[in-house]
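Numbering (my numbering), first residue to last: 77 to 416.
Written below as structure tokens is the structure these notes are about.
Listed below in structure tokens is the structure:
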């Protein structure tokens, strides 16, 4: 297949593109390579794709999804069969500091992708949503049948908006769309603004780590390989309308239109202090902890109910926290070693 992967220089996009070319798909990857975090890390991911065994199947184009004309031209030229849309302005906390970036990338950019799919007969659009859409929900585990109308950050609101926009296009134009609510993704080549990356760097440099909510957070940390597996399973199973859907008792996760949302998580929430302890063991070094109150935009706990994805596709996350953190530490020490 000829597949578009947006945000291909990002953490998840890189791993997805690598998987797709390894199985023989042709991938066009786009990214604007912004400086939200270290550009060298993004370039390093692209270098890995350029040097992969099936590198001839990969083509990178520097492009911003918010560029309406260029995105339209790309779709017209390439005639993609499927699209995996992962480009977005990431980060809950950054959305408080720079809200306009989220509208440009997450709303305008997503609109451009929807239009490209609509006008070029794309067979399936799979896009990144987020566990943050559950917002003020306190019922655990988070289920795709839960109400998600109370976001607590603009980032979360933008992801909820993506789900609504996708439904409109599925309903009006019969465009199959699948939204994936990711739960705290971690692993090699991860983002520097994520907890595991920041904690590892600080511990190795003998600096204090900021532990918000006094370490009482619980997060459904999900290893990157399990995330990629879920994305590919969803991509390969083109969504169809739910004939049993009832407008009088609407299921929030399905529709008569070819539209669906899934959770992708490990389904095993971990206390933040236990997470830090696992990292300390992997590093062979103790952390200096600065215990702080909850930050604005954060939620105390996340916990994914992945039963619908498991039932529909056979999704089964397998990576233990110890294994995943160990893999990250090995990658980090290699990438940032003085000799690297």
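Where a beta carbon is used, it is the ideal one built from N, C-alpha and C, also for glycine.
Using DSSP with H/G/I as helix, E/B as strand and the rest coil, what is residue 229?
As a first step, residue 229 is located in the chain shown; it is residue number 153 there, counting from the start. In the structure shown, residue 229 sits in coil (DSSP, three-state: anything other than H, G, I, E or B).
Touching by the beta-carbon criterion (3+ pairs, under 8 Å), the stretch 231 to 244 and the stretch 268 to 275
no
If you follow the alpha helix (DSSP H) that residue 258 is part of, which residue opens it and which one closes it?
Position 182 of the chain shown, counting from 1, holds the residue named residue 258. Run containing residue 258: none in the alpha helix (DSSP H); it sits in the beta strand (DSSP E), 253 to 258.
When 127, 168, 345 and 106 are compared against residue 162, the one with the closest alpha-carbon:
Position 86 of the chain shown, counted from the first residue, corresponds to residue 162. For the residues 127, 168, 345 and 106, the minimum Cα distance to residue 162 belongs to 106.
Less than 8 Å between the CB atoms is what I'm expecting for residue 225 and residue 113, so what's the real figure, rounded?
Start at 1 with the first residue of the chain shown, and residue 225 comes out as number 149. Start at 1 with the first residue of the chain shown, and residue 113 comes out as number 37. Between residue 113 and residue 225 the Cβ distance is about 31 Å, and since that is not below 8 Å, they are no contact.
Limits of the unbroken alpha helix (DSSP H) element including residue 384
One-based indexing of the chain shown puts residue 384 at position 308. Per DSSP, residue 384 belongs to the alpha helix (DSSP H) from 383 to 389.
Assign residue 410 to one of two classes, buried (16 or more other C-beta atoms within 10 Å of its C-beta) or exposed (fewer than that).
As a position in the chain shown, residue 410 is number 334, starting the count at 1. Its Cβ having fewer than 16 others within 10 Å, residue 410 is exposed.
Close Cβ partners of residue 266 (< 8 Å) along its chain, the five nearest in sequence each way excluded:
In the chain shown, the residue the question calls residue 266 occupies position 190. So the list reads 87, 272, 273, 300 and 404, once near-sequence residues are dropped.
Residue 290 - containing alpha helix (DSSP H), residue span
Here residue 290 refers to the residue found at position 214 of the chain shown. Segment: none, residue 290 is in no alpha helix (DSSP H) and carries neither H nor E.
Threshold first: 3 residues or longer. Then list the beta strand (DSSP E) segments lying entirely within the stretch 169 to 246, N to C.
200 to 206
When burial is assigned at 16 or more other CB atoms within 10 Å of the CB, is residue 294 buried or exposed?
For the purposes of this step, residue 294 is identified with residue 218 of the chain shown, where counting begins at 1. It is buried - the Cβ of residue 294 has at least 16 other Cβ atoms within 10 Å.
Would you mind giving the Cβ-Cβ distance between residue 257 and residue 206, rounded to the nearest angstrom? I have them listed as a contact below 8 Å.
As a first step, residue 257 is located in the chain shown; it is residue number 181 there, counting from the start. As a first step, residue 206 is located in the chain shown; it is residue number 130 there, counting from the start. Right, their Cβ atoms sit about 6 Å apart.
I want to know whether the stretch 121 to 134 touches the stretch 95 to 105 - three or more CB-CB distances under 8 Å.
yes
So, does the stretch 347 to 367 touch the stretch 392 to 407, judging by three or more C-beta pairs under 8 Å?
yes
Quick one: does residue 413 have its CB under 8 Å from some CB of chain B?
Judged by its chain identifiers, the structure shown contains no chain B, having just a single protein chain.
Excluding sequence positions up to five away, which residues of its chain have a Cβ less than 7 Å from the Cβ of residue 346?
Looking up residue 346 in the chain shown gives position 270. So the list reads 294, 295, 297 and 397, once near-sequence residues are dropped.
So, under 8 Å CB-CB, residue 199 and residue 158 are touching, yes? Tell me the CB distance rounded to an integer number of Å.
As a position in the chain shown, residue 199 is number 123, starting the count at 1. As a position in the chain shown, residue 158 is number 82, starting the count at 1. Confirmed, Cβ separation roughly 6 Å.
Start and end of the alpha helix (DSSP H) containing residue 87?
Here residue 87 is taken as the residue at index 11 of the chain shown, counted from 1. 87 to 98 is the span of the alpha helix (DSSP H), which, as asked, contains residue 87.
Look at the alpha carbon of residue 351 and the alpha carbon of residue 229, and state the distance between them as a whole number of angstroms.
As a working mapping, residue 351 is identified with position 275 in the chain shown. As a working mapping, residue 229 is identified with position 153 in the chain shown. Using only the alpha carbons, I get a separation of about 24 Å.
Quick test of your reading: residue 253 and residue 309, contact by CB under 8 Å. State the CB separation rounded to the nearest angstrom.
In the chain shown, counting from the first residue as 1, residue 253 sits at position 177. In the chain shown, counting from the first residue as 1, residue 309 sits at position 233. Contact doesn't hold; Cβ gap of about 16 Å is too wide.
With DSSP as the reference, please indicate the residues paired to residue 261 in a beta bridge.
For the purposes of this step, residue 261 is taken as residue 185 along the chain shown, with counting starting at 1. Residue 261 is bridged to 298.
Alpha carbons only, please: which of 372, 329 and 366 is nearest the one belonging to residue 381?
Working through the chain shown from its first residue, we reach residue 381 at position 305. Residue 381 has its Cα closest to that of 329, out of 372, 329 and 366.
Please report the distance separating the alpha-carbon of residue 360 from that of residue 195.
Taking the first residue of the chain shown as 1, we reach residue 360 at position 284. Taking the first residue of the chain shown as 1, we reach residue 195 at position 119. Between residue 360 and residue 195, the C-alpha separation is close to 54 Å.
List the DSSP bridge partners of residue 366.
Residue mapping note: residue 366 aligns to position 290 of the chain shown, counting from 1. Paired residue(s): 286.
Verify whether the separation of the beta carbon atoms of residue 192 and residue 233 is less than 8 Å.
Residue 192 sits at position 116 when you count from the first residue of the chain shown. Residue 233 sits at position 157 when you count from the first residue of the chain shown. Not in contact: residue 192 and residue 233 (Cβ atoms no closer than 8 Å).
For the beta strand (DSSP E) containing residue 280, name the first residue and the last one.
As a working mapping, residue 280 is identified with position 204 in the chain shown. No beta strand (DSSP E) contains residue 280, which is instead part of the alpha helix (DSSP H) from 271 to 280.
Can residue 231 and residue 171 be called in contact, C-beta distance under 8 Å?
Stepping through the chain shown from its first residue, residue 231 is reached at position 155. Stepping through the chain shown from its first residue, residue 171 is reached at position 95. In this structure, residue 171 lies closer than 8 Å to residue 231 by Cβ.
Limits of the unbroken alpha helix (DSSP H) element including residue 153:
As a working mapping, residue 153 is identified with position 77 in the chain shown. Where residue 153 is concerned, the enclosing alpha helix (DSSP H) stretches over 144 to 154.
Grab me the residues of residue 407's own chain with a C-beta within less than 6 Å of its C-beta, minus the 5 sequence neighbours each way, in chain order.
Along the chain shown, one-based indexing puts residue 407 at 331. For residue 407, where only same-chain residues beyond five positions count, the Cβ hits under 6 Å are 264.
So, helix, strand or coil for residue 79, using DSSP?
Taking the chain shown and counting its residues from 1, the one referred to as residue 79 is at position 3. In this structure, residue 79 counts as strand in the three-state DSSP scheme.
Quick check: the Cα distance between residue 282 and residue 363, rounded to an integer number of angstroms?
Numbered from its first residue, the chain shown carries residue 282 at position 206. Numbered from its first residue, the chain shown carries residue 363 at position 287. Rounded to whole angstroms, residue 282 to residue 363 spans 8 Å at the Cα level.
Would residue 202 and residue 160 be called neighbours here (beta carbons separated by less than 8 Å)?
Reading the chain shown from its first residue, position 126 is the one you call residue 202. Reading the chain shown from its first residue, position 84 is the one you call residue 160. Going by C-beta atoms, residue 202 is nearer than 8 Å to residue 160.
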